[in-house]
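Protein chains in written order, with my numbering: chain A, 1278 to 1390; chain B, 1435 to 1548. Ideal placement from N, C-alpha and C gives every residue a C-beta, glycine not left out. Structure first, then comments.
Set out below in C-alpha cells:
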C-alpha cells in the first residue's frame, strides 16, 4: 500500500517554464509535507515544507500548494532553470516529530534550454 | 548535511556474504534512519533508531539488521547478501528539538551484490 503517490515519474520543461509535480496521500494523520531535491550522486536535501494549517508556502521560485480536503499537495517551480534538473521527492509524516518520513517514488525533472 | 558520513561509499560483494554499512553523524541527532533507493521505488525505509539501542523496523526490513551502540553511529548489516539487495543506501538523521522535522541525508553507499 503506497501511502504517498507522486506524479509524473518524469517531466521535461523548457527553460523559463513552470514545473508542476503532484502528490496525493492517504493517511489523514499526516501533518508535515516536505519536498526533497536530489542531484545525481548526492543524497536528498530538503527544499521546502508545509504544514496543513496553510494552503500555500513560497520560497523564492518554489511554491507548495496544499489541499487538505483533497489530500493533495504539489510543488511548483517558477521560471525553471537547467540547474533545477534533479529528482524531486514528496514526503509526509505525522506528529510527533520522531515518526519517519514516507516518500513518494520521485519525479525526474529535466529543464532544457 | 548535518555532518553525516557513510562508509564505504561503494562496495561490490558476492551473494551470500555478510556486509555492514556504517553511518556516522557529528550533530548529536537522536533519530537515525536507513533507506534504500531503487529506480521506480523512490526511498524506502529499512530500519530506524530513536535512541541508543532503540531501533524499529521499516517498510523493507527483511534481510537487514541494525545496531546503534553510540549516538553517532548506526550500522546496517546484510546478514547474507542477495542480488535483490543491490541498491543505493542512504542514512539520514533528525534532531529532536523544537518544530524541526527535517531529515538530513548522507551521501549514500552504492552496493552491488554479484
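Just to make sure I have the definition right: I need the residues of chain A whose C-beta is within less than 7 angstroms of the C-beta of residue i. Which are they?
i              : result
residue 1537/B : 1378
residue 1524/B : 1320
Which residues in chain B have a C-beta closer than 8 angstroms to the C-beta of residue i? List them in chain order.
i              : result
residue 1370/A : 1535
residue 1337/A : Ordered by position in chain B, no residue passes the 8 angstroms Cβ test against residue 1337/A, which lies about 18 angstroms from the chain.
Which of the three DSSP states is assigned to residue i in this structure?
i              : result
residue 1517/B : helix
residue 1294/A : coil
residue 1476/B : strand
residue 1361/A : helix
residue 1315/A : strand
residue 1267/A : As displayed, chain A neither begins before 1278 nor continues past 1390, which places residue 1267/A out of reach and without an answer.
residue 1464/B : coil
residue 1529/B : coil
residue 1328/A : coil
residue 1306/A : coil
residue 1500/B : strand
residue 1522/B : strand
residue 1469/B : strand
residue 1370/A : strand
residue 1538/B : strand
By alpha-carbon positions, which one of the options ends up nearest to residue i?
i              : options                           : result
residue 1513/B : 1438/B, 1495/B, 1499/B and 1523/B : 1499/B
residue 1466/B : 1472/B, 1458/B and 1521/B         : 1458/B
residue 1310/A : 1537/B, 1548/B and 1547/B         : 1537/B
residue 1501/B : 1495/B, 1527/B, 1488/B and 1494/B : 1488/B
residue 1333/A : 1352/A, 1384/A, 1359/A and 1369/A : 1352/A
residue 1479/B : 1469/B, 1446/B, 1485/B and 1473/B : 1469/B
residue 1318/A : 1518/B, 1510/B and 1443/B         : 1443/B
residue 1282/A : 1461/B, 1460/B, 1474/B and 1451/B : 1474/B
residue 1518/B : 1496/B, 1454/B, 1440/B and 1456/B : 1496/B
residue 1456/B : 1511/B, 1437/B and 1471/B         : 1511/B
residue 1386/A : 1366/A, 1280/A, 1330/A and 1335/A : 1366/A
residue 1306/A : 1339/A, 1345/A and 1291/A         : 1345/A
Run through chain A and tell me which residues come within less than 9 angstroms of residue i, C-beta to C-beta.
i              : result
residue 1542/B : 1318, 1319 and 1320
residue 1413/B : The requested residue 1413/B is not part of the displayed model; chain B covers only 1435 to 1548.
So if DSSP puts residue i in a beta bridge, which residue, or which two residues, is it bridged to?
i              : result
residue 1485/B : 1488/B
residue 1453/B : 1512/B
residue 1445/B : 1545/B
residue 1458/B : 1439/B and 1507/B
residue 1350/A : 1300/A and 1343/A
residue 1334/A : 1341/A
residue 1386/A : 1288/A and 1363/A
residue 1283/A : 1300/A
If the cut is a Cβ gap below 7 angstroms, which residues of chain B does residue i touch?
i              : result
residue 1323/A : 1536
Check the Cβ of residue i against every Cβ in chain B and list those closer than 9 angstroms, keeping chain order.
i              : result
residue 1350/A : By Cβ distance, chain B contributes nothing, its closest Cβ being about 15 angstroms from residue 1350/A, past 9 angstroms.
Given that residue i touches chain A, what residues does it touch there, using C-beta distances under 8 angstroms?
i              : result
residue 1476/B : 1283, 1366, 1380, 1381, 1382 and 1383
Q | Members of the stretch 1304 to 1317 of chain A that neighbour chain B once the beta carbon cut-off is set at 9 angstroms | A | 1309, 1311, 1313 and 1315
Q | Near-chain A residues of the stretch 1492 to 1506 of chain B - C-beta to any C-beta below 7 angstroms | A | 1492
Q.
Output needed in chain order: residues of the stretch 1451 to 1474 of chain B with a Cβ under 7 angstroms from some Cβ in chain A.
A. 1465, 1467 and 1474
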